[in-house]
Structure formats: C-alpha cells, structure tokens
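What follows is a short report on a single structure.
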Amino acid sequence: MPIRTAVPPRVLTVAGSDSGGGAGIQADLKTMLALGVHGMSVLTAVTAQNSLGVQGAWELPVDAVRAQYRSVVDDIGVQAVKTGMLASAALVETVAGLLAGTGAPVVVDPVGVSKHGDALLAAEALDSVRTKLLPVATVATPNLDEVAQLTGVQVTDEDGMRRAAEEILAFGPRWALIKGGHLPGEAVDLLTDGSAEHWLRAPRYDNRHTHGTGCTLASAIASGLALGQDVPTAVEGAKAYVTGAIRAGFALGGGIGPVDHGWRTRLAE
C-alpha cells in the first residue's frame, strides 16, 4: 500500500469529553476519521458519563480553552470548526470570539441536554448562545428540545419545523438544520437558509442505541465542508452517514449504547 503524503483537510471540534466514548469529542474524532479528514480538538469540559447518563461534569477554565484553540489554529490551521458542549456563558462567549476571527465555516451544535436528559449548558448561557454563538455559525443544528430552549417554539409537525427554522435564522446563522428525529414517522430534517428548503428524509430504525447522534451529524457536516462541499451537499452526506451509524448502533453497558461510527468499514469487511 502506498504511503499517503498529502495532508487531509483539517477539522477542529470544540466540545466536551464523553468518557463512555459515544458522544462529545470522542464521537467527533471518530466521525472525522471515518470521513477522511484530520480531526483536532479543543476540550471545553470533562464529563463522567456512561450508557446510563452523566454522573458529573467539570468545565475547563477559559484560559485553557483559549490556549488550546490558538495552539491548533495558529500553527496547523483549520478548514472547518464544529462546536458542541460549551457549558457556560463565559465559554460560549470566548469560543464565539475565537470563531469570529478564524475565517473557516462553523457548524454549531447548540448542545443543551444529553441523550439521558442531563443538563450540559447552564441556563444563563442560553442568551450568549443566541447573541454571540449563533451569529458566527455557517450551519446551526438544533434538535427539537434545543429549539424549544432557544426560541420557546414547541414543534409537533413539519410546519412547526419551518417556524423553528425562521426563529433560529433570526439569530444570525447562514443556515439552520432543524432535526426532527423526535417526531413520529420518518426521521425528517429541514435545512434552510430562509429561501431554499431542503427536506431530508430517512427511514426510522428500531434501535434504541442512538447515543451521539447530534455530535456525529454536526461533525460529519463540518467534515463535508472541509472537503469543499457546499452546505446542502455536506448536510445530505452527513445525514446518510449518521443514518447508517444509527442503524448499526450497538448495546454498551446497561443503558443507551452509541451509534457505530465505523459502520462503513465493518460493512466492507
């Protein structure tokens, strides 16, 4: 096998650690590897987390987050950035400021709660997400719970997803991807920039092991953008990737297991 010499596109994740390996930084880096980009990380928080939930969370100091970011961006450079768990208003505002000066596309996953319902963002940080973080996003990827947190809109059908997208776009991101996975029926998402609408539909698989879906989808979108794809193409490819990962999700521990980030490799075996 020939030795690879070309440098792959570089994607930076700014997020928390999931000690169970299903979500957070761990899921982001697995996704990036699977999709052919070089993943790098800025750790914002450490969690004690497993298949049953989050037992503890400790955010890193602002100076530590800033130093990690500058270390990577100033030397290695980035073609896309993805944000996840930012924990506090201070971290949200720090990261937003760093992103504003970077000049790379940004995918914002406005993480508010874990799969198990554990809070991952302080309530007082919501306004900072609205006014500081979302305005620097190329794509914002809220699920319906996060839409409700940020806008107060309770989505119960596809028309509600349109209203949710309007509310999210009003905060300033170029594109909003409203994830409708919590609605009954097909797994449908709406991607829009306020003019064009892209409805992405996928079959719903009877598999409860879906830990890490949001992190995985956002990281896959960032990977596509780093590879030079436009937003609709990157989102469509990310949707296909995460759908396969959900289908192949596996039991781990006594609760909700993770999606399978390596499903394409295993499918080829």
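Numbering-wise, the working numbering comes out as the position in the sequence shown, counting from 1, plus 12.
Here a beta-carbon is modelled for each residue, glycine too, at the ideal position from N, C-alpha and C.
- Item | Opposing strand residues paired with residue 70 [DSSP bridges] | Residue mapping note: residue 70 aligns to position 58 of the sequence shown, counting from 1. Answer by DSSP bridge pairing, in chain order: 58.
- Counted within 10 angstroms of its Cβ, other Cβ atoms place residue 270 as buried (16 or more) or exposed: Taking the first residue of the sequence shown as position 1, residue 270 is located at position 258. Buried, because 16 or more other Cβ atoms sit within 10 Å of the Cβ of residue 270.
- Query: So, is residue 64 buried or exposed, given that buried needs 16 or more other C-beta atoms within 10 angstroms?
  - Reply: Within the sequence shown, numbered from 1, the residue matching residue 64 stands at position 52. Exposed, since its Cβ has fewer than 16 Cβ neighbours within 10 Å.
- Task: Starting from residue 156, follow the alpha helix (DSSP H) in both directions and report where the run begins and ends.
- Result: On the sequence shown, position 144 is the one that residue 156 refers to. Its alpha helix (DSSP H) spans residues 156 to 163.
- When 50, 22 and 95 are compared against residue 36, the one with the closest alpha-carbon: Taking the first residue of the sequence shown as position 1, residue 36 is located at position 24. Residue 95 is the option with its Cα nearest to residue 36.
- Tell me whether residue 194 is buried or exposed, calling it buried when 16 or more other Cβ atoms sit within 10 Å of its Cβ. Position 182 of the sequence shown, counting from 1, holds the residue named residue 194. Residue 194 comes out exposed.
- Item | CA-to-CA distance, residue 153 to residue 206, given in whole angstroms | As a working mapping, residue 206 is identified with position 194 in the sequence shown. As a working mapping, residue 153 is identified with position 141 in the sequence shown. Rounded to whole angstroms, residue 206 to residue 153 spans 15 Å at the Cα level.
- Query: Can you find at least 3 beta carbon pairs, one from the segment 161 to 173 and one from the segment 138 to 147, that sit closer than 8 Å?
  - Reply: yes
- Query: Leaving out five residues before and five after residue 179 in sequence, what residues of the same chain have Cβ atoms less than 7 Å from its Cβ?
  - Reply: Counting from one through the sequence shown, the residue named residue 179 turns up at place 167. Closer than 7 Å at the Cβ level, and outside the excluded window around residue 179, lie 163 and 165.
- Query: So, helix, strand or coil for residue 268, using DSSP?
  - Reply: Residue mapping note: residue 268 aligns to position 256 of the sequence shown, counting from 1. DSSP places residue 268 in coil when its eight states are reduced to three.
- If we call anything under 8 Å between Cβ atoms a contact, is residue 228 one with residue 273? Position 216 of the sequence shown, counted from the start, is the residue given in the question as residue 228. Position 261 of the sequence shown, counted from the start, is the residue given in the question as residue 273. The answer is yes: Cβ separation under 8 Å.
- Would you kindly work out how many angstroms separate the C-alpha atoms of residue 262 and residue 44, rounded to a whole number? Translated into positions along the sequence shown, residue 262 becomes position 250. Translated into positions along the sequence shown, residue 44 becomes position 32. C-alpha separation (whole angstroms): 20 Å.
- Query: Would you call the CB atoms of residue 20 and residue 58 closer than 8 Å?
  - Reply: On the sequence shown, position 8 is the one that residue 20 refers to. On the sequence shown, position 46 is the one that residue 58 refers to. Contact flag unset, no.
- Message: Suppose contacts are defined by Cβ-Cβ distances below 8 Å. Is residue 18 in contact with residue 234 by that definition?
- Response: For the purposes of this step, residue 18 is identified with residue 6 of the sequence shown, where counting begins at 1. For the purposes of this step, residue 234 is identified with residue 222 of the sequence shown, where counting begins at 1. No, Cβ-Cβ distance for residue 18 and residue 234 is not below 8 Å.
- Task: Leaving out five residues on either side along the sequence, give the residues of the same chain with a beta carbon under 7 Å from the beta carbon of residue 236.
- Result: Along the sequence shown, one-based indexing puts residue 236 at 224. Around residue 236: 245, 246, 249 and 250.
- Task: State the Cα-Cα distance for the pair residue 218 and residue 42, rounded to the nearest angstrom.
- Result: Here residue 218 refers to the residue found at position 206 when the sequence shown is read from its first residue. Here residue 42 refers to the residue found at position 30 when the sequence shown is read from its first residue. Distance between the alpha carbons of residue 218 and residue 42 is about 23 Å.
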